[in-house]
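Residue numbers (the numbering used here): 5 to 328.
Everything on this sheet refers to the single structure shown next.
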Ligand code: CUA
């Protein structure tokens, strides 16, 4: 009950900001009030019967109602009526959410242990852990996984839908308010399942167009310390897993880092994107995200010759932070 007094609930389902999330919340309300009705009627009859028909001195055996046809029919029909009231709107919402409207913008999200690859096939944009969409127009999100089962869930915008190996699923919604909405993987997917977060940034159309333009532009060439970081990126093995457009780094195992400096979080929602946090991540990724393959398989963490010094980390953080 005290949780209900909170005011900052980024993962709440009960204040939806999209058409689909609103429909789902509508079902939730309907079923909640139907359950309240049943509870009050059943408990009311129970309490009434307990008091009205309690045993008194001299009572004999009360009248027996076993096999009473009218009662039997009544308490079979009443639950059927309640289920019909619940099931018809539920079907309507299921069918409505199954197919995206024509002309919906398509975004492809590929889940990885434990981050989200985000592609805009029509726009030539590739990013990670941050989905930008314009307010007021429908967006359909194609859902796939590169490894195990994950689940895409943005409580205030979308329902929850699994990403299953070998299958292509989809979910759609029309955002109705601008803002940043938190998403969370909702299917146990390994050691850092709880650390697999993301954001959906809903923007005015013009703002979204500007973001797309910026994503398609190469970042400014690195200067000074950042230039040192750029050459470390190529010599320390980072390029094997990460892509930075305009360089020879074309790895596709980890997130595309072309504009990583412009994202608001690092490590799939684990840290704010600041130079200090980037350095903390580079120093020991497994301290932030246990089990991640950057530490497990990354040469700079397993091969002493490629190990990062504090100076290397500062230069890399300067380089990556400048990729906007
Ligand atoms: Cu991905 Cu849990």
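For glycine and all other residues, C-beta sits at the position ideal for the given N, C-alpha and C.
None of these values were measured; they are calculated from a predicted model.
Beta carbon of residue i nearer than 8 Å to that of residue j
i	j	result
residue 116	residue 150	yes
residue 249	residue 231	no
residue 205	residue 184	yes
residue 191	residue 166	yes
residue 142	residue 105	yes
residue 228	residue 265	no
residue 19	residue 220	no
residue 169	residue 323	no
residue 25	residue 90	no
residue 187	residue 156	yes
residue 93	residue 50	no
residue 133	residue 259	yes
residue 148	residue 200	no
residue 273	residue 203	yes
residue 255	residue 246	yes
residue 304	residue 241	yes
DSSP beta-bridge partners of residue i
i	result
residue 167	154
residue 25	According to DSSP, residue 25 bridges with nothing at all.
residue 202	187
residue 298	Paired residues: none, contrary to the question.
residue 177	143
residue 138	207
residue 123	112, 130
residue 275	270
residue 238	The partner list for residue 238 (beta bridge, DSSP) is empty, contrary to what the question assumes.
residue 254	247
residue 148	114
Residue i beta carbon near the ligand CUA (any heavy atom closer than 7 Å)
i	result
residue 148	no
residue 115	yes
residue 274	no
residue 298	no
residue 49	no
residue 192	yes
residue 337	Since the displayed the chain opens at 5 and closes at 328, residue 337 lies outside it and no answer follows.
residue 118	yes
residue 109	no
residue 4	Since the displayed the chain opens at 5 and closes at 328, residue 4 lies outside it and no answer follows.
residue 197	yes
residue 154	yes
**Request:** Could you say if the region 130–138 and the region 203–219 meet the contact criterion of at least three C-beta pairs nearer than 8 Å?
**Result:** When C-beta atoms of the region 130–138 are compared with those of the region 203–219, three or more pairs fall below 8 Å, so the two segments count as touching.
**Request:** Count the CB pairs spanning the region 99–107 and the region 119–133 that are closer than 8 Å, and state whether there are at least three.
**Result:** The region 99–107 is not in contact with the region 119–133.
**contact_flag[the region 285–294, the region 304–324] where n(CB pairs < 8 Å) is 3 or more** = They touch, by the three-pair rule.
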